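I have placed the structure first, in the form of structure tokens, so that the comments after it can refer back to it.
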Amino acid sequence: MLQHDKNSSLNRARTKFKILASFYQIVSQYEHVLQVRFPPVFEQFGRWVSSVANLDALKLVSFGCIVKTDYHLKLLFSTLTPIILSLIIFLYYHLKLPHLRGNEKYQHLDTCTTLFLALTSLIFASVSTTLFKTFQCDRYGDDPNLYLVEDHQVDCNSPKHETFQYYAAFMMIVYPFGITALYTILLFRKKESLLSEERDKNKSLYKIAFL
1 MLQHDKNSSL NRARTKFKIL ASFYQIVSQY EHVLQVRFPP VFEQFGRWVS
51 SVANLDALKL VSFGCIVKTD YHLKLLFSTL TPIILSLIIF LYYHLKLPHL
101 RGNEKYQHLD TCTTLFLALT SLIFASVSTT LFKTFQCDRY GDDPNLYLVE
151 DHQVDCNSPK HETFQYYAAF MMIVYPFGIT ALYTILLFRK KESLLSEERD
201 KNKSLYKIAF L
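For reference, each letter of the sequence shown is one residue, going 1 to 211 in the working numbering.
Okay, here's the thing in structure tokens:
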């Protein structure tokens, strides 16, 4: 009974955290998507929330003060970091697995799966937004050249940026489409169990409870 109450409390806290993170990820995009100016206090709050909720480490640590950064570096950082973290989770799972017995193996799998799904959920919105912004170009004044809206120092017609556009197109398969497909498959396979009134007691659902 105590274990069940503990799991229920953990699930409720996890759900609240997920809703809160998703809400702030949406709020952080207001200024960019709506293209309107808000009161300075709200703009500062929104930009700070954007750095935290969207896990923009380059802004959080003022990385631009150390080395020269541009949108291409941000694109690489935002797309490769989750892959590296996923590999760390994968290695952690396999390194610890030989030392576990019986139910411990299933609990370890549930823990690592939950960590991976939590990671994908947290980075989904921010990485997807970064990928789509790679194709958002515009002209300014009488200059006929196209420049990236997110970073005006990037010439959209340059061979370098065209290469990064191909890279972003490939990463769209991995992130906005790949993560969505992964969630769909995981939930569809457990459809009957999820509809059951006893789903809270079904241990096979623990690993996808974050969804």
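Where is the CB? At the ideal position from N, CA and C, for every residue including glycine.
Owing to the predicted nature of the structure, the values given are computational and were not obtained by experimental measurement.
- Check whether the Cβ atoms of His-72 and Phe-135 lie closer than 7 Å to each other. Contact check for His-72 against Phe-135 fails: the beta carbons are separated by 7 Å or more.
- Does DSSP classify Tyr-175 as helix, strand or coil? In this structure, Tyr-175 counts as coil in the three-state DSSP scheme.
- Keeping to the same chain, check which residues put their C-beta closer than 7 Å to that of Cys-156; ignore five residues upstream and five downstream. Cβ within range, chain order: Cys-137, Leu-146, Tyr-147, Leu-148.
- Query: With 16 other CB atoms within 10 Å as the buried threshold, where does Gln-25 fall?
  - Reply: The residue is buried, with at least 16 neighbouring Cβ atoms inside 10 Å.
- Task: Using only alpha-carbon positions, find the residue among Lys-190, Arg-199, Ile-19, Leu-117 that is nearest to Gly-178.
- Result: It is Leu-117.
- Item | CB of Leu-85 within 7 Å of CB of Leu-119, strictly | Their beta carbons are under 7 Å apart, which means Leu-85 touches Leu-119 by this criterion.
- Task: Could you pull the start and end residues of the alpha helix (DSSP H) that Lys-105 belongs to?
- Result: Residues 103 to 133.
- Item | Residue from Leu-34, Met-171, Lys-190, Lys-18 whose Cα sits closest to the Cα of Val-83 | First, the amino acid is wrong: residue 83 is Ile here, not Val. With distances taken between Cα atoms, Ile-83 lies closest to Met-171.
- Message: Please tell me whether Leu-186 and Ile-208 are closer than 7 Å, where the distance is taken between their beta carbons.
- Response: It is a contact, given that the beta carbons lie within the stated cut-off.
- Message: Let's see if you can read the secondary structure: which residues bound the alpha helix (DSSP H) around His-72?
- Response: Unbroken alpha helix (DSSP H) run through His-72: 71 to 96.
- Message: One question on the structure: do Leu-205 and Ser-193 come within less than 7 Å of each other, judged by their Cβ atoms?
- Response: It is a contact, given that the beta carbons lie within the stated cut-off.
- For Val-154, count neighbouring Cβ atoms within 10 angstroms of its own Cβ and tell me buried if that reaches 16, exposed if not. Val-154 comes out buried.
- Sorted by chain position, which residues of the same chain lie with C-beta nearer than 7 Å to Leu-127's C-beta, five sequence neighbours on each side aside? Per the sequence shown, residue 127 should be read as Val rather than Leu. Take Val-127, set aside five residues on each side of it, and the residues of its chain with a beta-carbon closer than 7 Å to its own are Ser-78, Thr-79, Pro-82, Tyr-175, in chain order.
- Out of curiosity, what's the CA-to-CA distance linking Phe-42 and Asp-70? C-alpha of Phe-42 to C-alpha of Asp-70: approximately 26 Å in a straight line.
- Under 7 Å, do Thr-114 and Phe-188 count as touching if we go by C-beta distance? Result no, Cβ atoms of Thr-114 and Phe-188 do not sit closer than 7 Å.
- Query: Can you check whether the CB of Leu-100 is closer than 7 Å to the CB of His-108?
  - Reply: Taking a C-beta distance under 7 Å as the contact criterion, His-108 and Leu-100 qualify as a contact pair.
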